[in-house]
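Beneath this line is the structure, given in C-alpha cells, with notes to follow.
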Amino acid sequence: MIEITNLHKIYNQGSANEFEALNNINLTIDKKPLILKGISGSGKSTLLSLIAGFEKPTKGKIVVDDLLVSKLPDFHLSQYRASKIGFVFQHFNLIDSFSVMDNVIAPLIPLYKDISHIQKLAYKAMQRVGIEHKASQDIRDLSGGEKQRCAIARALINDAPIIICDEPTANLDSKNTQRFIDIITELKDEGKSIIIATHDPIFDSLDFECDIINLQNGKIKE
Numbered sequence: 745m746i747e748i749t750n751l752h753k754i755y756n757q758g759s760a761n762e763f764e765a766l767n768n769i770n771l772t773i774d775k776k777p778l779i780l781k782g783i784s785g786s787g788k789s790t791l792l793s794l795i796a797g798f799e800k801p802t803k804g805k806i807v808v809d810d811l812l813v814s815k816l817p818d819f820h821l822s823q824y825r826a827s828k829i830g831f832v833f834q835h836f837n838l839i840d841s842f843s844v845m846d847n848v849i850a851p852l853i854p855l856y857k858d859i860s861h862i863q864k865l866a867y868k869a870m871q872r873v874g875i876e877h878k879a880s881q882d883i884r885d886l887s888g889g890e891k892q893r894c895a896i897a898r899a900l901i902n903d904a905p906i907i908i909c910d911e912p913t914a915n916l917d918s919k920n921t922q923r924f925i926d927i928i929t930e931l932k933d934e935g936k937s938i939i940i941a942t943h944d945p946i947f948d949s950l951d952f953e954c955d956i957i958n959l960q961n962g963k964i965k966e
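Residue 929 in the numbering used here sits at position 185 of the sequence shown; the count goes up by one each step and never skips.
Now the structure itself:
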C-alpha cells in the first residue's frame with residue numbers, strides 16, 4: 745500500500761528559476777496497477793522518483809506499508825529501494841563497460857555475499873525478458889531494445905513488491921512490448937504493486953483492470 749498525501753516538489757526553490765514539478769498530489773496505490781499519463785514535463789518521472797526514494801518531496805508525505813519514506817535518511821532510503829523497489833529507468837541507467845550479467849546483479853551486491861546465488865537470480869530474471877543469451881556481452885554492444893530488456897531484468901532481480909517503470913516500452917519492438925505486457929500481467933497476478941509512466945497507447949487497452957491517472961502541469965487532471 746502506497747499513500748501519497750499533499751505531495752509537492754519544487755526545484756530551485758526561492759530562486760528566479762523556481763519550478764513546481766508536482767502540486768498537491770494525493771493518491772492511494774494498492775494492488776491495482778497504476779498507469780500515469782501526461783505529456784513530457786507533466787511530472788510523471790518526478791512522481792516515480794519520489795516514490796522510489798531517489799528524491800525527497802518539498803512538502804507532503806509518501807507512506808509505503810506504514811513506512812514514512814519521504815522522511816527517511818539516505819542510508820535507510822538505500823535499504824528501502826533494495827528491498828521494496830524494482831525500477832525500470834527511461835534512459836536505462838546501465839553501465840556501458842559492464843556485461844549484461846553484471847548490470848543485472850548490481851542491485852543485489854550489497855545484500856548477498858554468495859555471488860553464485862545472485863547470478864542464479866539474475867539468470868532467472870534475464871530468462872524472463874529473453875536476454876539471457878547476452879549475459880556475457882557488454883552493454884555498449886547491445887541495441888536499444890536489448891538494453892531496455894536488461895534494465896527490466898535488473899528491476900525484477902530482487903523480487904520487489906513494488907515495480908516502477910518509466911516509459912518501459914519506448915525502445916521495444918511490438919514483439920518485446922507484448923512480452924513486457926505479459927510480464928506485467930504475471931507480476932500483477934503475483935500481487936505486486938505496479939506503477940507505469942508511459943505515452944504508449946498499448947496501455948490504454950490492457951486485458952486487466954488498472955487505474956489511469958493523467959498529470960498536467962504537475963497536477964492530477966480530473
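In this text, a Cβ means the ideal position worked out from N, Cα and C, and glycines have one as well. All figures in this text were calculated on a predicted structure; none of them were measured in a lab.
Inter-residue Cα distance where the pair is residue i and residue j
| i | j | result |
| --- | --- | --- |
| P777 | S759 | 37 Å |
| T802 | Q757 | 9 Å |
| L852 | M870 | 15 Å |
| H820 | E934 | 26 Å |
| N920 | E764 | 36 Å |
| S860 | M845 | 12 Å |
| P912 | A941 | 8 Å |
| H835 | D810 | 31 Å |
| S841 | T790 | 28 Å |
Closest by C-alpha distance to residue i, when choosing among the options
| i | options | result |
| --- | --- | --- |
| G874 | R898, L852, I859, G797 | R898 |
| I748 | F819, I927, G797 | G797 |
| L950 | I964, I925, I783 | I925 |
| E953 | N961, L959, S937, I964 | S937 |
Cut-off 6 Å between Cβ atoms - residues of its own chain near residue i, not counting five sequence neighbours on either side
| i | result |
| --- | --- |
| I849 | I862, A866 |
| E799 | S793 |
| R884 | D840 |
is_contact[residue i, chain C] using C-beta, thresh 8 Å
| i | result |
| --- | --- |
| L816 | Structure shown: chain C not included; a single protein chain is present. |
Neighbourhood of residue i by C-beta, 7 Å cutoff - its chain only, sequence neighbours within 5 removed
| i | result |
| --- | --- |
| I956 | I779, K781 |
DSSP state of residue i mapped onto helix, strand, coil
| i | result |
| --- | --- |
| F763 | strand |
| Y755 | strand |
| I907 | strand |
| T749 | strand |
| A895 | helix |
| I773 | strand |
Residues near residue i by beta carbon distance below 8 Å, same chain, minus five either side
| i | result |
| --- | --- |
| G804 | I748, T749, N750, L751, H752, N768, I769, S814 |
Meets three-Cβ-pair contact criterion under 8 Å: the stretch 943-951 and the stretch 889-896: no
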